[in-house]
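The block underneath contains the structure these notes are about, expressed in structure tokens.
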Amino acid sequence: PIFFTTTLSSFSAGYVSPRNTDPSGQVELSLEPGTTAGNALVELCFPDVECIDEDVAIAPGIATSCNITKGLNTEVEAGDVETIEATVYDQYGNPISNSPAPPTVTFDILSAPGPDADLDDDTNPPFTGDGDGFESEPSNFGIADASLQTSTIVGDNVVEVKADNIPCGTTT
Numbered sequence: 469p470i471f472f473t474t475t476l477s478s479f480s481a482g483y484v485s486p487r488n489t490d491p492s493g494q495v496e497l498s499l500e501p502g503t504t505a506g507n508a509l510v511e512l513c514f515p516d517v518e519c520i521d522e523d524v525a526i527a528p529g530i531a532t533s534c535n536i537t538k539g540l541n542t543e544v545e546a547g548d549v550e551t552i553e554a555t556v557y558d559q560y561g562n563p564i565s566n567s568p569a570p571p572t573v574t575f576d577i578l579s580a581p582g583p584d585a586d587l588d589d590d591t592n593p594p595f596t597g598d599g600d601g602f603e604s605e606p607s608n609f610g611i612a613d614a615s616l617q618t619s620t621i622v623g624d625n626v627v628e629v630k631a632d633n634i635p636c637g638t639t640t
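According to this note's numbering, the sequence shown is numbered sequentially starting from 469.
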């Protein structure tokens, strides 16, 4: 018989450990990936307690939702730079991968107290916005970010964030 265990997933119904080998000395198992992306470690042990570990990658699904995960409704001084980050998730809440091609995340200033508010797709200084109040970039393993240069006039700087046509939220 072969003994087997796994992390992060389970085996299909009827696949109970230990399992006897077929006449050719093989065992077939059916792994159910579950809903969590990551690496499932499958451990197979032979009767003489020799074990082999197999690493099975469980990939996330396609983009189905998005949230603002940094810079949501924060308070900064007028004229400061604030990072806004969005995370794109699959149907089970796993951050998506880069395959298939990830969605483009857009950051759009809907309103600001003055005309000097802007966005930059690079979160590293110096701020180099182009004055149009809009930035877009593909998510990288589900994450995209932009820098918001707030207006020097006190008030709310409202930014709408979307991943393709999936709304991530609006921040002030």
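Ideal Cβ positions, reconstructed from N, Cα and C, are used throughout, including at glycine.
- Under the three-state reduction of DSSP output, S477 falls in the coil class, being neither helix nor strand.
- The Cβ atoms of P571 and P515 do not sit closer than 8 Å to each other.
- Cβ neighbours of E511 within its own chain (closer than 6 Å, five residues either side excluded): T473, C519, D521.
- A residue is called buried once 16 or more other Cβ atoms fall within 10 Å of its Cβ, and E553 is buried on that count.
- Counting C-beta atoms within 10 angstroms of its own C-beta, Q617 has 16 or more neighbours from the protein chains shown and is therefore classed as buried.
- Look at G637 here: in three-state DSSP terms it is strand.
- Taking every protein chain shown into account, the CB of A612 has 16 or more other CB atoms within 10 angstroms, so this residue is buried.
- Non-local beta-carbon contacts of T640 in its own chain, meaning distances under 7 Å to residues more than five positions away in sequence, involve N541, D624, N625, V626 in chain order.
- Straight across, the Cα-Cα distance linking S565 with N633 is about 18 Å.
- Annotation: P568 to I621 spans about 42 Å, alpha carbon to alpha carbon.
- Leaving aside the five residues that flank G597 on each side, the residues in its chain whose CB is nearer than 7 Å to its CB run, in chain order, D586, L587, D588, Q617.
- When secondary structure is reduced to three states using DSSP, A525 falls in the strand class.
- DSSP places E518 in the coil class of the three-state scheme, outside both helix and strand.
- Within the same chain, Cβ atoms closer than 6 Å to the Cβ of T574 are found at S604, K630, the five residues on either side in sequence being excluded.
- Annotation for P568: no beta strand (DSSP E) segment contains it, and DSSP assigns it neither H nor E.
- For the set E550, P563, A481, the Cα lying nearest the Cα of A614 is the one of E550.
- The alpha carbon of T638 has as its nearest neighbour, out of S498, S485, C534, the alpha carbon of C534.
- Here V549 carries a strand assignment [DSSP, helix/strand/coil].
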